[in-house]
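Engineer:
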Amino acid sequence: MIILIKILQTLLALSILILVHELGHFAFAKLFKIRVEKFYLFFDIGGALFKFKPKNSDTEYGIGWLPLGGYCKIAGMVDESFDTESLKKEPQPWEFRSRPAWQRFLVMSGGVLFNFIFAILIYAGILAGWGQSYVGNEGNSIYVNDLAYEMGFRTGDRILKFDDYVPENFGMLQIEMARQTASKATVLRDGDTLDIYIDRNMIGDVLNTPGMFSLAVPFVVDTIPPASANSNAGLKRGDRITAIDGTPVRYVQESRELLKQYAGTKVPVSVVRDTDTLTMDLQVDTSGLFGIITQIPGIKTKEYNMVSAIPAGAKLAFSTIGGYVRDLKLVFTPSTEAYKSVGSFISIGQVFPDTWDWYSFMNILALLSIMLGVMNLLPIPALDGGHIVFTIYEMITRRKPSDNFLIGAQTVGIILLFGLMILAFGNDIGRLLK
1 MIILIKILQT
11 LLALSILILV
21 HELGHFAFAK
31 LFKIRVEKFY
41 LFFDIGGALF
51 KFKPKNSDTE
61 YGIGWLPLGG
71 YCKIAGMVDE
81 SFDTESLKKE
91 PQPWEFRSRP
101 AWQRFLVMSG
111 GVLFNFIFAI
121 LIYAGILAGW
131 GQSYVGNEGN
141 SIYVNDLAYE
151 MGFRTGDRIL
161 KFDDYVPENF
171 GMLQIEMARQ
181 TASKATVLRD
191 GDTLDIYIDR
201 NMIGDVLNTP
211 GMFSLAVPFV
221 VDTIPPASAN
231 SNAGLKRGDR
241 ITAIDGTPVR
251 YVQESRELLK
261 QYAGTKVPVS
271 VVRDTDTLTM
281 DLQVDTSGLF
291 GIITQIPGIK
301 TKEYNMVSAI
311 PAGAKLAFST
321 IGGYVRDLKL
331 VFTPSTEAYK
341 SVGSFISIGQ
351 VFPDTWDWYS
361 FMNILALLSI
371 MLGVMNLLPI
381 PALDGGHIVF
391 TIYEMITRRK
401 PSDNFLIGAQ
411 TVGIILLFGL
421 MILAFGNDIG
431 RLLK
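UniProt numbering numbers the first residue of the sequence shown as 1 and each following residue consecutively.
1) Going along the chain, which unbroken runs of the alpha helix (DSSP H) with 4 or more residues stay wholly within the segment 223-272?
2) Quick check: what's the CA-CA separation for Lys236 versus Leu278?
3) Ignore the nearest five residues each way along the sequence and tell me which others in Glu138's own chain have a CB closer than 8 Å to its CB.
4) Determine the closest residue to Ser57 out of Leu41, Ala48, Phe50, Lys30, with distance taken between C-alpha atoms.
5) Short of 8 Å in beta carbon distance, which residues of its chain neighbour Thr209, apart from the five on each side in sequence? Order them along the chain.
6) Measuring straight from C-alpha to C-alpha, what distance separates Thr294 and Ala233?
7) Considering Cα atoms alone, identify which of Val217, Phe162, Phe105 is closest to Asp197.
8) Assess, as a yes-or-no matter, whether the segment 180-200 is touched by the segment 213-232 under the definition of 3 or more beta carbon pairs within less than 8 Å.
9) Would you list the one or two residues that DSSP bridges to Phe39?
10) Thinking C-alpha only, which one of Val107, Ala75, Asp276, Gly426 is nearest Thr391?
11) Identify every run of the alpha helix (DSSP H) within the segment 375-421, keeping only runs that are complete inside it and at least 4 residues long; order them along the chain.
12) Once DSSP output is grouped into helix, strand and coil, what is the label at Lys30?
13) By Cβ distance below 6 Å, which residues in the same chain neighbour Tyr304 in space, the five residues on each side in sequence not counted?
14) Identify, in the order they occur along the chain, each residue of the same chain with its Cβ nearer than 6 Å to the Cβ of Arg35, setting aside the five sequence neighbours on each side.
15) When the distance is taken between beta carbons, is Arg179 closer than 7 Å to Arg326?
16) Identify every residue that forms a DSSP beta bridge with Phe52.
17) Hey, could you find the ends of the beta strand (DSSP E) Ala185 is sitting in?
18) Confirm, please, whether the CB-CB distance from Val272 to Thr301 is below 7 Å.
19) With a threshold of 6 Å on Cβ separation, who are the neighbours of Gly408 within its own chain once the five nearest residues in sequence on each side are excluded?
20) Do the segment 312-322 and the segment 113-126 make contact, defined as three or more Cβ pairs closer than 8 Å?
21) List the whole-angstrom C-beta distance separating Asn230 from Ile292, where the pair is believed to meet the contact cut-off of C-beta under 8 Å.
22) Using beta-carbon positions only, say whether Lys260 and Gln283 come within less than 7 Å of one another.
23) Excluding the 5 residues flanking Glu394 on each side, which residues of the same chain have their C-beta closer than 6 Å to its C-beta?
24) Judging by CA-CA distance, which residue of Trp65, Ala27, Ile3, Leu367 is the nearest neighbour of Lys73?
25) Which one or two residues does DSSP pair with Met280 in a beta bridge?
26) Between the C-alpha atoms of Phe50 and Asp44, what's the straight-line distance to the nearest angstrom?
27) Skipping 5 residues on each side, what residues in its chain have a beta carbon closer than 6 Å to that of Tyr165?
28) Return the CA-CA distance between Met362 and Lys6, expressed in angstroms with no decimal places.
29) Name the two residues that bound the continuous beta strand (DSSP E) containing Asp192.
30) Express the C-alpha separation of Ser15 and Lys33 in angstroms, rounding to a whole number.
31) Taking the beta strand (DSSP E) that Thr320 belongs to, which residues open and close that run?
32) How about Lys161: is its C-beta nearer than 7 Å to some C-beta of chain C?
33) How is Arg158 classed by DSSP in three states: helix, strand or coil?
34) Among Ser369, Ile422, Thr247, which one has its Cα closest to the Cα of Ile321?
35) Enumerate in chain order the residues of its own chain whose CB-to-CB distance from Ser141 is below 6 Å, with the five nearest sequence positions on each side excluded.
36) Can you tell me where the beta strand (DSSP E) with Val206 in it begins and where it stops?
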């Protein structure tokens with residue numbers, strides 16, 4: 001069921017984003033009265049699952065069977081269809097190639113523009129509906145995994161800065177360490193400040209290893225559900241569990257393996273309440289849990305109305321765009337080995353939660369919309385970015401590249417894209433095998 005939910009979320013998200021992107025091209029083509037021959041969700045190689053052509057319309061709408069994208073086939077344009085026969089004919093006034101460069105530039109930029117606008121609208125809706133919540137970095141400690149430990153970090157460290165950059169959002173620590181190309185991290189450990197020098201050759205591992213810096217959650221009681229076996233054990237909000245059967249525990253994470261040993265039994269614990277230390281017996285359920293909800297330190301929330309959410313959504317979108325551009329820079333820097341983090345639809349599916357959650361879905365949808373927009377701006381001939389570069393070249397030099405050149409460039413671009421797809425699927429398969 002979990003896999004099915006992830007697949008459904010992935011297909012729905014990709015379908016929405018492809019439609020939004022292609023609608024951008026479609027809208028500008030229609031605005032300039034350029035004929036659109038096909039508008040398809042997914043590719044229809046060898047036939048379509050569904051298609052129709054409205055009366056008195058030049059456009060065929062449909063759904064293909066290959067869910068690797070979609071397309072908007074514009075008359076007189078060199079694209080992945082390689083329709084060279086139509087290009088041999090005299091240019092017609094309704095064709096893409098007959099239009100001035102500035103119009104062609106807007107048509108090619110339309111998909112990316114719509115992706116970015118869509119992300120802004122989603123973020124604005126999220127901020128207006130849910131507000132913006134995150135765990136602040138100041139005052140919070142990290143709980144490390146093996147990679148973080150290997151790099152020199154220790155559980156309980158408080159990360160103060162990466163070089164001169166002071167992180168604000170705890171949840172962004174790992175990605176910011178990679179993005180900032182920091183040479184060192186300054187941490188507070190047991191009251192002392194020290195520097196941890198970062199091996200940039202490990203950045204690929206940083207990007208590929210989730211959970212380097214989990215929030216070290218102190219075992220402080222927030223609430224005890226009525227259904228919990230410990231609802232009448234005497235615990236109060238603010239109590240801090242410091243030891244389980246004599247074994248000291250600082251954080252919730254440290255208790256998990258320990259409690260599994262006592263599953264289904266009672267265990268003595270030490271509890272600090274104000275200035276007093278108490279001892280009490282708590283029931284461990286069969287899952288190895290106390291059934292206690294602990295306090296999450298440092299949660300910050302900002303509320304927005306419909307008006308203030310729009311500029312805030314735009315700010316968040318542009319910040320995300322900037323962050324993703326920095327991520328791509330790392331990917332194209334071989335020494336970082338960040339190319340190992342490139343993923344396919346498998347990676348996208350793994351990002352979605354195990355259960356349907358609209359808040360998470362909308363956040364991921366906005367991020368994917370930005371990723372799709374930025375990726376399409378890459379100056380690869382088969383992508384929008386390649387067409388945009390050629391159009392800008394024409395606008396500057398007033399010399400239009402020949403159709404033969406564009407066809408050749410398109411071929412090279414598609415080969416590059418297939419290479420990227422092979423890399424992405426290869427990375428995903430390698431991660432699954434591990």
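All C-beta atoms, glycine included, are put in the ideal place defined by N, C-alpha and C.
Structural biologist: Result, derived from the coordinates:
1) The qualifying runs are 252-260.
2) 12 Å
3) If we look at Glu138 and ignore the five residues flanking it on each side, its Cβ neighbours are Glu168, Gly298.
4) Out of Leu41, Ala48, Phe50, Lys30, Lys30 has the C-alpha closest to the C-alpha of Ser57.
5) Asn145, Leu147
6) 16 Å
7) According to the sequence displayed, residue 197 carries Tyr and not Asp. For the residues Val217, Phe162, Phe105, the minimum Cα distance to Tyr197 belongs to Phe162.
8) no
9) Tyr61, Cys72
10) Val107
11) 384-397
12) helix
13) Closer than 6 Å at the Cβ level, and outside the excluded window around Tyr304, lie Leu127, Ala128, Ala312.
14) Asp58, Ala75, Trp94
15) Yes, these two residues count as a Cβ contact at 7 Å.
16) Tyr61
17) 184-189
18) no
19) Cβ within range, chain order: n/a, list empty.
20) yes
21) 6 Å
22) For the pair Lys260 and Gln283, the CB atoms are not nearer than the 7 Å cut-off.
23) Ala101, Lys400
24) Ala27
25) Val269
26) 9 Å
27) Here Tyr165 has Gln180 as same chain residues with Cβ atoms under 6 Å from its own Cβ, once five neighbours each way along the sequence are excluded.
28) 14 Å
29) 192-197
30) 26 Å
31) Counting along the chain, Thr320 falls outside any beta strand (DSSP E), though it belongs to the alpha helix (DSSP H) covering 306-331.
32) The question asks about chain C, but that chain is absent: this structure has only one protein chain.
33) strand
34) Ser369
35) So the qualifying residues of the chain are Gly156, Arg158, Ala216.
36) Per DSSP, Val206 belongs to no beta strand (DSSP E); it is in the alpha helix (DSSP H), 203-208.
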